[in-house]
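Asks: Under my numbering, think of the first position of the sequence shown as 235, with each following residue one higher. Heads up, the beta-carbon is just placed ideally off N, CA and C, and yes, glycines get one too. Below you will find the structure I want to go over with you.
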Amino acid sequence: MARRRVIYEGKAKILYEGPEPGTVIQYFKDDATAFNAEKHDVIAGKGVLNNRISAHLMTKIESIGIPTHFIRSVNMREQLVREVEIIPIELVVRNIAAGSLCKRLGLTEGTVLNRPLVEFYYKKDELGDPLVSDEHIFTFGWADPYELEEMVSMAWRVNDYLNGLFAGIGLQLVDFKLEFGRLWGENGELYIILADEMSPDNCRLWDSKTGEKMDKDRFRFDLGNLIEGYQYIARRLGLIPEEGIVQGGNIDEKLAEKLELIENELAQKRKLRGVNKPKPGKV
235 MARRRVIYEG
245 KAKILYEGPE
255 PGTVIQYFKD
265 DATAFNAEKH
275 DVIAGKGVLN
285 NRISAHLMTK
295 IESIGIPTHF
305 IRSVNMREQL
315 VREVEIIPIE
325 LVVRNIAAGS
335 LCKRLGLTEG
345 TVLNRPLVEF
355 YYKKDELGDP
365 LVSDEHIFTF
375 GWADPYELEE
385 MVSMAWRVND
395 YLNGLFAGIG
405 LQLVDFKLEF
415 GRLWGENGEL
425 YIILADEMSP
435 DNCRLWDSKT
445 GEKMDKDRFR
455 FDLGNLIEGY
465 QYIARRLGLI
475 PEEGIVQGGN
485 IDEKLAEKLE
495 LIENELAQKR
505 KLRGVNKPKP
515 GKV
């Protein structure tokens with residue numbers, strides 16, 4: 235097989251040059267990190283589960299009219315995505331107090347917020363992804379008001395949809411992180427689309443009845459086997475058989491390879507909505 239050019243390698247994924255212009259192969263690693271990579275381990279099967287869960291959730295989100303970069307699964311660890319210019323802002327949507335919100339504001343974990351909260355974080359590992367305001371975003375040119383308005387609008391819609399989806403399978407959506415990218419049209423028109431991934435790596439999900447954490451907090455705080463939580467979510471979503479695809483710390487690669495690949499059927503016929511910016515006035 236021809237050696238592929240690596241475009242970028244992060245903590246949990248590798249991006250390779252895609253087979254066609256404007257595409258990228260997104261590879262999900264088994265690496266688990268926490269506290270800005272101060273804690274690290276390699277957990278067999280994590281990348282396979284995240285790839286499958288993210289592909290499924292991206293297609294679901296696309297079905298409500300939110301454009302995403304996901305095109306289709308390639309194999310058990312890889313997916314084909316659109317190449318975008320990543321906006322260096324992470325949007326965190328919170329429904330229930332957990333994580334850094336509790337630490338910063340002295341809230342009790344599990345407190346249901348009066349309304350969902352959207353926070354902005356500057357995507358910069360060496361700075362610890364600091365919390366920023368919209369004024370920071372505009373002042374330093376990370377995004378303009380029209381782009382940010384589009385991102386926040388999509389974040390609200392994703393939250394509404396995912397809350398219902400997870401509630402229907404017995405899970406609470408505590409909070410989640412979104413990343414967006416710029417996609418440029420043939421005539422220079424600008425589109426903002428959802429990028430990165432949607433998986434237990436960037437979503438906090440608790441069992442609705444027991445409150446048990448099924449996400450990456452299991453790894454962060456040594457709460458239990460990470461794979462058990464991720465497989466629990468994948469089973470609830472109907473993505474893997476009841477027996478799971480990881481047993482005793484080993485992935486059943488034959489079974490994983492047999493799982494049906496996920497394709498975003500709306501990717502080719504989607505109608506993107508451009509970011510409407512006023513034309514510059516005459517000086």
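1. Identify whether V318 lies in helix, strand or coil by the three-state DSSP scheme.
2. Could you check if P475 is buried or exposed, using at least 16 other CB atoms within 10 Å of its CB as the buried criterion?
3. Could you tell me the alpha carbon to alpha carbon distance between K357 and I321, rounded to whole angstroms?
4. Taking just the CA atoms, how far does K450 sit from D456?
5. Roughly how many whole angstroms lie between the Cα atoms of N484 and P301?
6. Taking just the CA atoms, how far does E381 sit from Y425?
7. Provide the residue(s) that pair with N484 in DSSP beta bridges, ordered along the chain.
8. According to DSSP, simplified to helix, strand and coil, what is V509?
9. Looking at the secondary structure, which residues open and close the beta strand (DSSP E) in which N348 lies?
10. Would you call P255 buried or exposed, if buried means 16 or more other Cβ atoms sit within 10 Å of its Cβ?
11. Please report how far the alpha carbon of N285 lies from the alpha carbon of D368, in whole angstroms.
12. I need the DSSP call for S297, collapsed to helix, strand or coil.
13. Between the segment 464 to 475 and the segment 345 to 364, do at least 3 Cβ pairs fall closer than 8 Å?
14. Going by other Cβ atoms of all chains shown within 10 Å of its Cβ, with 16 needed for buried, is G344 buried or exposed?
15. Count the other CB atoms within 10 Å of the CB of A271; is the residue buried (16 or more) or exposed (fewer)?
16. Mapping DSSP to helix, strand and coil, what is R393?
17. According to DSSP, is S442 part of a helix, a strand, or is it coil?
18. Can you tell me where the alpha helix (DSSP H) with H370 in it begins and where it stops?
Replies: The answer reads as follows:
1. Secondary structure of V318 (DSSP, three-state): coil.
2. By the Cβ-count criterion, P475 is exposed, with fewer than 16 other Cβ atoms from all chains shown falling within 10 Å of its own Cβ.
3. A direct Cα-Cα distance of roughly 9 Å separates K357 from I321.
4. The alpha-carbon atoms of D456 and K450 are separated by roughly 10 Å.
5. Going from the Cα of N484 to the Cα of P301 covers about 35 Å.
6. Rounded to the nearest whole angstrom, the C-alpha separation of Y425 and E381 is 9 Å.
7. N484 is bridged to Q481.
8. Of the three classes helix, strand and coil, the one that applies to V509 here is coil, per DSSP.
9. Annotation: the continuous beta strand (DSSP E) that includes N348 extends over V346 to Y356.
10. Burial call: exposed.
11. Straight-line measurement puts the Cα of D368 at about 32 Å from the Cα of N285.
12. Correct three-state label for S297: coil.
13. Taking 8 Å as the limit for Cβ pairs, the verdict is that the segment 345 to 364 does not touch the segment 464 to 475.
14. G344 should be labelled exposed.
15. Counting every other CB atom within 10 Å of its CB across the protein chains shown gives A271 a total below 16, marking it as exposed.
16. Arg is not the amino acid found at residue 393; the sequence shown has Asn there. Helix at N393.
17. Residue state, collapsed to three classes: coil.
18. Counted as a single uninterrupted DSSP element, the alpha helix (DSSP H) harbouring H370 occupies residues D368 to T373.
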